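Enquirer:
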Amino acid sequence: MPNTRPTSTEPLDNLISRKVASLPPSGIRKFFDLLSSIEDVISLGIGEPDFVTPWHIREAGIYSLEQGYTMYTSNSGMPELRQELVRYLELHYGVSYHPDQETLITAGSSEGLDLVLRAIINPGDEVIIPDPCYVAYPADVTLAGGMPVLVPTNEKNNFVVRATDIEARITKRTKAILIGYPANPTGAVMSKKEAHAIAELAKKHDLLIISDEIYARLIYGVEHICFPGLAGMKKRTILISGFSKSHAMTGWRIGYVAADRRFIQAMTKIHQYTLLCAPTMTQMAAIEALKNGEGEVEKMVQEYNRRRRFMVKRLNEIGLPCFEPKGAFFAFPSIRATRMNSEEFAEKLLLQEKVAVVPGNAFGPCGEGFVRCCYATSLPSIEEALRRMDRFVRKSNLRSK
Amino acid sequence: MKEIFEILEQNARATPEQISIMVDKPVSEVKKTIKQAEKDGTILKYKAIINWPKLDKEDIWALIEVRVTPQRGVGFDAIAERIYQFPEVYSAYLVSGTYDLSVLVRGRTMQEIASFVAEKLAPLEQVQSVVTHFLLKRYKEYGETFHLPKETNRRLPITP
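As they're listed, the protein sequences go chains A and B.
Just so we're aligned: the first sequence equals residues 2 to 402 in the working numbering.
Just so we're aligned: the second sequence equals residues 90 to 249 in the working numbering.
This is the structure in C-alpha cells:
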C-alpha cells in the first residue's frame with residue numbers, strides 16, 4: 002500500500018507529539034555541549050558514583066553470561082532476586098513485602114518512576130513535587146498525562162519540603178506527592194518529624210506517596226526514613242529504588258518498585274508490554290549485590306563521607322555558603338554572594354577555571370542562586386576543583402567591588 | 090581513631106589538616122594520634138609503592154617454601170627470626186599446610202637469589218627443605234595493581 006501520509010511537506014513539529022514537543026530540553030544538555038568543547042575539565046557535574054561496580058558483582062554478571070543465562074526472565078523479575086530484595090528491605094528499613102505480589106524488578110529506578118506515574122495518573126491529575134528536584138520528576142509526570150505542581154523549598158528548611166507548604170497546594174485533582182530523599186540535587190534528608198507530618202497529610206487527603214529512595218544507602222550520621230515504614234503508610238506508598246547509587250551500578254540499569262499488590266499489578270501490565278523484563282545478566286549481578294555487597298557499600302559510603310566533609314568545609318571557607326548535606330553525594334552551595342545567577346556562575350567557572358558544576362536552576366526555579374557540586378570524585382580532584390573555585394570567587398568579588 | 094589509619098594506609102601523604110576535615114576531629118587530636126602511633130609502632134613506616142617494571146629495572150623475586158623443625162619453647166619463632174633478619178628477605182609468613190614458612194626474597198639477579206638459598210637459607214640447621222619459585226610477573230601488591238592501565242574516567246562529564 003502506498004504511503005499516503007504527507008511527509009516532507011509538513012513542518013516537523015506536527016510529526017512529534019505535542020506533549021513531547023512541549024517538554025523543555027534538559028538544562029543539563031546545553032551545558033553538556035559547552036563542556037564537550039573544553040579539555041582538562043574537572044567535573045563536579047556528574048550524578049553517578051566514581052567507583053566501578055565492585056568486582057564480585059561484575060564477576061557474577063560475567064558468570065551468568067558464561068552459564069548461558071541469556072533468555073527472558075519472568076516479567077516481575079527472577080524469583081530469587083525478589084526474595085533477596087524483600088530480605089534486604091526488611092533488614093535495612095524494617096519494611097516487609099511479599100516477594101511475588103508486592104515487588105517488581107525494573108530497568109533502573111527511572112523505569113520504575115515512569116511505570117508508577119503511568120499506572121496511577123488520569124489526564125489532568127496533579128502530582129505535587131518539591132522544587133528543586135531531580136530533572137525527570139516533572140517531565141515524567143507530564144509524559145504520563147499529569148500536571149506537576151511544584152512546592153518551593155529553600156535553604157532555611159535545608160531544602161526539605163514542609164507538610165504545610167504541600168497542603169497549601171492540594172486540590173481536588175491532587176493524586177500523589179512525589180518525593181525523593183536523600184535528594185538530588187541538594188543532598189537534603191527528611192527528618193522523622195517532617196515525614197510524619199507528610200504521612201498524616203497523605204492520610205487526611207487520601208493521597209499516594211511516591212517515594213524515590215535511590216540514595217537511601219548514601220546517608221551520613223543520620224537514620225534514613227523509609228516512607229512505607231511509617232505507621233499506616235505501606236498501603237499508600239510506592240517505594241522506588243535501585244542499585245545504581247548504593248552499589249555503583251548505574252550502567253547496569255537495575256532497580257525495583259515495592260508497593261501494595263494492586264499497584265504492582267497495574268505497573269506489571271505496562272512493564273510486560275514495554276520492557277518485558279529487566280536484563281537477565283543484570284538481575285543475576287543484582288542478586289550477588291544483595292547477597293554479598295554490604296562490605297563494599299559500607300566502604301564506599303565511608304569514602305563519600307570523607308569527601309563530603311572536605312567539600313562542604315572548603316565551600317563554606319571560600320565564601321559559598323553550604324548547608325550540611327546528610328545524604329546522596331551532592332553539596333548545594335549558594336552562589337548569591339558572587340552576584341551572578343547560577344547559569345552565569347557555572348558557565349564562567351567552566352570557561353575561566355575549567356571546573357564544571359551544574360546550575361541549580363536546571364532542577365527547578367528554586368534552585369536559582371545555587372549550584373550542584375558532586376563529591377563522587379577523587380579527593381585530589383575535589384581539592385584542585387575547590388582551589389580553582391576559590392580563585393574564581395575571589396576574582397569575581399574583586400570585580401564586583 | 091581507626092579511620093585516621095585507614096586514610097593514611099590509602100594515602101600516606103594525607104596531611105593532618107586534610108585528615109581532620111575528613112574524620113571531623115580537631116587537627117591537634119589527629120596530630121597527637123599519629124605521633125603516638127609512630128612512637129608505639131602502630132605506624133611502622135611511610136613508603137611509596139614503585140612500579141619498577143615501568144622503569145625497565147625489575148628486581149628478581151622468589152617465593153620460597155621452607156619446611157623447618159620447630160624448637161622446644163619457641164616453636165617456629167626463633168628459626169623464623171634467623172631467616173627474616175637476612176636483608177634479602179622481603180616478607181616472611183608462618184603458614185598452615187604442607188610447609189611452614191613462606192618467604193618472599195628479592196635480589197638483583199637470579200644468581201644472587203640462588204646463592205642466598207644455597208648458602209644462607211638451606212644450610213640452617215632447622216631447615217628441612219626449601220622449594221624456590223621464581224616470580225614471573227607481579228600483578229598486585231598491597232591492594233595496588235601493577236600492570237593494568239590507570240583507571241580511565243568512563244563517566245560522561247555531566248549527568249543528571
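Backbone N, C-alpha and C fix where the C-beta goes; we use that ideal spot for every residue, glycine too.
Note that this is a predicted model, so its numbers are computed, not measured.
Hey, A:H272 and A:L116: beta-carbon distance below 7 angstroms or not?
Expert: Mapped onto the first sequence, residue 272 of chain A falls at position 271. Mapped onto the first sequence, residue 116 of chain A falls at position 115. Going by C-beta atoms, A:H272 is nearer than 7 angstroms to A:L116.
Enquirer: Helix or strand or just coil, what does DSSP make of B:F250?
Expert: Missing from the structure shown is residue 250 of chain B; chain B here goes from 90 to 249 and no further.
Enquirer: Looking at the structure shown, is A:E11 part of a helix, part of a strand, or coil, going by DSSP?
Expert: Residue mapping note: residue 11 of chain A aligns to position 10 of the first sequence, counting from 1. Reliability fails at A:E11, whose pLDDT of 47 lies under 50, so the model's placement of it is uncertain and no value is given.
Enquirer: Hey, does A:R237 have any beta-carbon neighbour from chain B nearer than 7 angstroms?
Expert: What you label residue 237 of chain A is simply residue 236 of the first sequence in a count that begins at 1. Judged by the 7 angstroms Cβ criterion, A:R237 is not in contact with chain B.
Enquirer: Return the chain-ordered ranges of every beta strand (DSSP E) run that is complete within the segment 125-205 of chain A and spans a minimum of 3 residues.
Expert: 127-132, 148-153, 175-180, all fully within the segment 125-205 of chain A.
Enquirer: In the DSSP assignment, find the beta strand (DSSP E) that holds A:S75 and state where it starts and stops.
Expert: Position 74 of the first sequence, counting from 1, holds the residue named residue 75 of chain A. No beta strand (DSSP E) holds A:S75; DSSP gives it neither H nor E.
Enquirer: Between the C-alpha atoms of A:K292 and B:A207, what's the straight-line distance to the nearest angstrom?
Expert: Your numbering for residue 292 of chain A matches position 291 in the first sequence. Your numbering for residue 207 of chain B matches position 118 in the second sequence. Near 50 angstroms, if we compare the C-alpha coordinates of B:A207 and A:K292.
Enquirer: What residues match up with A:D213 in a beta bridge as DSSP calls it?
Expert: Taking the first residue of the first sequence as 1, we reach residue 213 of chain A at position 212. Paired residues: A:I241.
Enquirer: Quick one, which of B:I110, B:E154, B:A137 has its alpha-carbon nearest B:M186's?
Expert: Taking the second sequence and counting its residues from 1, one reaches residue 186 of chain B at position 97. The identity of residue 186 of chain B in the sequence shown is Gly, whereas the question assumes Met. Comparing Cα-Cα distances from B:G186 to each of B:I110, B:E154, B:A137, the minimum goes to B:E154.
Enquirer: For the segment 157-170 of chain B against the segment 114-130 of chain B, do three or more pairs of beta-carbon atoms, one drawn from each stretch, fall closer than 8 angstroms, so that the two count as touching?
Expert: Flag = no, the segment 157-170 of chain B and the segment 114-130 of chain B do not touch.
Enquirer: Any idea what DSSP makes of A:A357, helix, strand or coil?
Expert: As a working mapping, residue 357 of chain A is identified with position 356 in the first sequence. Correct three-state label for A:A357: strand.
Enquirer: Within the same chain, show all residues whose beta-carbon is closer than 6 angstroms to that of A:A281, passing over the 5 residues directly before and after it, in chain order.
Expert: Mapped onto the first sequence, residue 281 of chain A falls at position 280. In the sequence on display, residue 281 of chain A carries Thr and not Ala. The residues are Y70, T74.
Enquirer: Quick check: the Cα distance between A:D1 and A:K236, rounded to an integer number of angstroms?
Expert: The requested residue 1 of chain A is not part of the displayed model; chain A covers only 2 to 402.
Enquirer: At a Cβ cut of 8 angstroms, what residues of the segment 47-61 of chain A count as close to chain B, listed as they run along the chain?
Expert: Answer in chain order: I47, G48, E49, D51, V53.
Enquirer: So with Cβ pairs under 7 angstroms, would you call A:K194 a contact of chain B?
Expert: Taking the first sequence and counting its residues from 1, one reaches residue 194 of chain A at position 193. So no, A:K194 is outside the interface.
Enquirer: What do you reckon, are the CB atoms on A:F330 and A:Y376 nearer than 7 angstroms?
Expert: Residue numbering aside, residue 330 of chain A sits at position 329 when the first sequence is read from its first letter. Residue numbering aside, residue 376 of chain A sits at position 375 when the first sequence is read from its first letter. Taking 7 angstroms as the Cβ cut-off, A:F330 and A:Y376 qualify as a contacting pair.
Enquirer: Spell out whether any CB of chain A is found under 7 angstroms from the CB atom of B:T248.
Expert: Here the question's residue 248 of chain B lines up with position 159 in the second sequence. It does; some Cβ of chain A falls within 7 angstroms.
Enquirer: Write down the C-beta distance between A:Y98 and A:L90 rounded to the nearest angstrom, noting that I regard them as a contact closer than 8 angstroms.
Expert: One-based indexing of the first sequence puts residue 98 of chain A at position 97. One-based indexing of the first sequence puts residue 90 of chain A at position 89. Indeed, because the Cβ distance is near 6 angstroms, the residues count as touching under 8 angstroms.
Enquirer: Any beta carbon from chain B within less than 7 angstroms of A:I29's own beta carbon?
Expert: In the first sequence, the residue the question calls residue 29 of chain A occupies position 28. Yes, because at least one Cβ of chain B sits closer than 7 angstroms to the Cβ of A:I29.
Enquirer: Between which residues of its own chain and B:V112 is the CB-CB distance below 8 angstroms, once the five residues before and five after are set aside?
Expert: Your numbering for residue 112 of chain B matches position 23 in the second sequence. Cβ within range, chain order: E92, I93, I96, V119.
Enquirer: Where do the ends of the beta strand (DSSP E) carrying B:L193 lie?
Expert: Sequence index remark: in the second sequence, residue 193 of chain B carries index 104 (1-based). B:L193 -> beta strand (DSSP E) spans 190-196.
Enquirer: Consult DSSP for B:I121 and reduce its assignment to one of helix, strand or coil.
Expert: In the second sequence, counting from the first residue as 1, residue 121 of chain B sits at position 32. The question names Ile, but residue 121 of chain B in the sequence shown is Lys. Helix at B:K121.
Enquirer: Going along the chain, which residues of the segment 104-128 of chain B sit with their C-beta nearer than 8 angstroms to a C-beta in chain A?
Expert: Hits within the stretch, in order: Q107, I110, M111, V112, D113.
Enquirer: Can you list, in chain order, the residues of the segment 135-153 of chain A whose Cβ is nearer than 9 angstroms to any Cβ on chain B?
Expert: Cβ contacts with chain B: Y135, V136, A137.
Enquirer: Please report how far the alpha carbon of A:L406 lies from the alpha carbon of A:C134, in whole angstroms.
Expert: With chain A running from 2 to 402 in the structure shown, residue 406 of chain A is simply not present.
Enquirer: When DSSP builds the beta bridges, which residues end up paired with B:E154?
Expert: In the second sequence, residue 154 of chain B corresponds to position 65, counting from 1. Beta-bridge pairing links B:E154 to B:S191, B:V220.
Enquirer: Determine the contact status of B:G196 and B:E214, defining contact as a CB-CB distance below 7 angstroms.
Expert: As a working mapping, residue 196 of chain B is identified with position 107 in the second sequence. As a working mapping, residue 214 of chain B is identified with position 125 in the second sequence. Taking 7 angstroms as the Cβ cut-off, B:G196 and B:E214 do not qualify as a contacting pair.
Enquirer: Does any residue of chain A have a CB that is nearer than 7 angstroms to the CB of B:R244?
Expert: On the second sequence, residue 244 of chain B is found 155 positions in, with the first residue counted as 1. True, the Cβ-Cβ gap to chain A drops below 7 angstroms.
Enquirer: Which residues in the same chain have their Cβ closer than 7 angstroms to the Cβ of A:T172, if we skip the five residues on either side of it in sequence?
Expert: Along the first sequence, read from residue 1 onward, the residue named residue 172 of chain A stands at position 171. Only E127 meet the Cβ criterion.
Enquirer: When the distance is taken between beta carbons, is A:Y221 closer than 7 angstroms to A:N306?
Expert: As a first step, residue 306 of chain A is located in the first sequence; it is residue number 305 there, counting from the start. As a first step, residue 221 of chain A is located in the first sequence; it is residue number 220 there, counting from the start. Cβ atoms of A:N306 and A:Y221: closer than 7 angstroms.
Enquirer: So that I know if they touch, is there some Cβ in chain A lying closer than 7 angstroms to that of B:K229?
Expert: For this step, residue 229 of chain B is matched to residue 140 along the second sequence. No, B:K229 does not count as interfacial toward chain A.
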